[in-house]
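Enquirer: Positions in the sequence shown are counted from 1; adding 110 to them yields my numbering.
Glycine is no exception: its CB is placed at the ideal position from the N, C-alpha and C atoms.
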Amino acid sequence: MPAKLKRMGPEPKDRLIGEAECREVSGLSRAQRWRLERDGKFPQRIALGPRTVRWRLNDVMAWIGALQVGGLSQPAGPGRSAAPDGNGAPAAAEQAP
Numbered sequence: 111m112p113a114k115l116k117r118m119g120p121e122p123k124d125r126l127i128g129e130a131e132c133r134e135v136s137g138l139s140r141a142q143r144w145r146l147e148r149d150g151k152f153p154q155r156i157a158l159g160p161r162t163v164r165w166r167l168n169d170v171m172a173w174i175g176a177l178q179v180g181g182l183s184q185p186a187g188p189g190r191s192a193a194p195d196g197n198g199a200p201a202a203a204e205q206a207p
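#1: Where A186 and L146 are concerned, what is the direct C-alpha to C-alpha distance, given to the nearest angstrom?
#2: Among A172, L167, W173, I174, whose alpha-carbon lies nearest the alpha-carbon of A130?
#3: Assign L158 to one of three DSSP states: helix, strand, or coil.
#4: Among the residues of its own chain, which have a CB less than 8 Å from the CB of I156, if the five just before and after it don't count?
#5: Check each candidate in V170, Q178, L177, A176 and name the one with the smallest Cα separation from V135.
#6: In the structure shown, what three-state DSSP assignment does A186 receive?
Laid out in structure tokens, this is it:
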């Protein structure tokens, strides 16, 4: 029997995806996804074993669909504005010469 079977028809819409496919679909690194997941802003992983995790493709696709046009902006914390000068432009000290 061949190692990989050729699939007939479309892929299932709800299936589990691994690290590489989750990175490809989301466009985010493992570390960035972990931080977002920890903060409740990315779908939770599913532990299949002590060293194996997967994500539901439907959950990741729903997360992508729910993103706002502005992307994954982080909320401003205490003493920190959303942009360096508060208006969307880098502060004068951060501008390139």
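Expert: Taking the coordinates as given:
#1: At A186 the pLDDT is 39, less than 50, meaning the model places this residue with poor confidence and gives no usable figure here.
#2: Closest option to A130, Cα to Cα, is L167.
#3: L158: strand per DSSP, three-state reduction.
#4: Here the set comprises L126, V163, R164, W165, R166.
#5: Each of V170, Q178, L177, A176 was checked against the Cα of V135, and the nearest Cα belongs to V170.
#6: The predicted position of A186 is uncertain, since its pLDDT is 39 and thus under 50; no value can be drawn from it.
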